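Chains as they are written, first to last, in this note's numbering: chain A, 1 to 133; chain B, 1001 to 1133.
The beta-carbon is built from N, C-alpha and C at its ideal position, and this holds for glycine as well.
Since the model is a prediction, treat every value here as computed from it, not as a measurement.
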């Protein structure tokens, strides 16, 4: 069963190349962090702070592309953890069918925040994280 | 009439925030430069140098999204210059129709390079540049 999680924190450091986002279970206490790039972290941060941009940024363009091609982002899923890399999927509804697209969690979360859709994490991923600690 | 142009140069500077790409007419000598962000410049540079990435980067995800939703990028157009800002459009074919999506030239060129589609610049834009010089 996928578990719905929310974006708890973004830690942006100008010293390190990798930034950190923390996801926390909505109806529980489990949480975990994912390292992401500075571009994706800044993009997510702008979305949360609702900082407007005069022109569409790359994640805005991605949202606009989904909508213009008749798709509707339903949710994003973080569904695998392999060799310390998290894998994510965009779940898009188009013409009554679901289209799933493989991506990095950072892009998926940037889209989820922009389009206000839920973030789900597979139970297997959460179990794997707790085993690794 | 739109004029087909090619990406002539990318100038990446670690000192300045804005990077520069130079487009040049394929069948002529006119050229001009556009200032873009470091993320977009790096993304275009990686595509040209065919540097592989273990996971899809944001522009790869954009290409994958277009394809997964039944679209096919036909060309990109730089169709307006207003208050020193260039405007671009993705021209996507879907179910025999064309869908046009407004974007920044940097994202459009990153997609054009990734998906090997032509870059067109409107004659009006080229005329405006020559008047401004």
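Cα-Cα separation between residue i and residue j, rounded to whole angstroms
i                      : j                      : result
residue 4 (chain A)    : residue 42 (chain A)   : 23 Å
residue 95 (chain A)   : residue 1095 (chain B) : 13 Å
residue 6 (chain A)    : residue 1129 (chain B) : 47 Å
residue 1149 (chain B) : residue 1024 (chain B) : As displayed, chain B neither begins before 1001 nor continues past 1133, which places residue 1149 (chain B) out of reach and without an answer.
residue 1026 (chain B) : residue 46 (chain A)   : 38 Å
residue 1053 (chain B) : residue 1097 (chain B) : 33 Å
residue 1118 (chain B) : residue 1075 (chain B) : 5 Å
residue 82 (chain A)   : residue 1099 (chain B) : 37 Å
residue 1019 (chain B) : residue 1126 (chain B) : 21 Å
residue 1028 (chain B) : residue 1108 (chain B) : 22 Å
residue 16 (chain A)   : residue 1080 (chain B) : 38 Å
residue 55 (chain A)   : residue 131 (chain A)  : 44 Å
Test item: CB-CB of residue i and residue j under 8 Å
i                      : j                      : result
residue 62 (chain A)   : residue 1089 (chain B) : no
residue 1021 (chain B) : residue 1044 (chain B) : yes
residue 101 (chain A)  : residue 1068 (chain B) : yes
residue 57 (chain A)   : residue 111 (chain A)  : no
residue 1092 (chain B) : residue 1071 (chain B) : yes
Neighbourhood of residue i by C-beta distance below 7 Å, restricted to the same chain and skipping five residues each side
i                      : result
residue 104 (chain A)  : 88
residue 1121 (chain B) : 1002, 1003, 1005, 1023 and 1078
residue 106 (chain A)  : 36, 37 and 40
Below-8 Å beta-carbon distance, residue i vs any chain C residue
i                     : result
residue 114 (chain A) : Of the protein chains in this structure, namely A and B, none is chain C.
Spatial neighbours of residue i in its chain, beta-carbon cut-off 8 Å, leaving aside the 5 residues before and after
i                      : result
residue 1048 (chain B) : 1007, 1010 and 1113
beta-carbon residue i near the ligand SAH non-hydrogen atom, thresh 7 Å
i                    : result
residue 99 (chain A) : As presented, the structure is devoid of all ligands, the ligand SAH included, so that no description of it is given.
Close-in-space but distant-in-sequence residues of the same chain around residue i (CB under 6 Å, 5 per side omitted)
i                      : result
residue 86 (chain A)   : 34, 78 and 105
residue 1115 (chain B) : 1063 and 1073
Sequence ranges, alpha helix (DSSP H) only - wholly within the region 1036-1072 of chain B, length at least 4: 1038-1048 and 1058-1068
Selection of the region 1061-1079 of chain B by Cβ proximity to chain A, strictly under 8 Å: 1061, 1062, 1064, 1065, 1066, 1068, 1069, 1070 and 1071
Any beta strand (DSSP E) of 3 or more consecutive residues that is wholly inside the region 1011-1039 of chain B: 1018-1025 and 1031-1037
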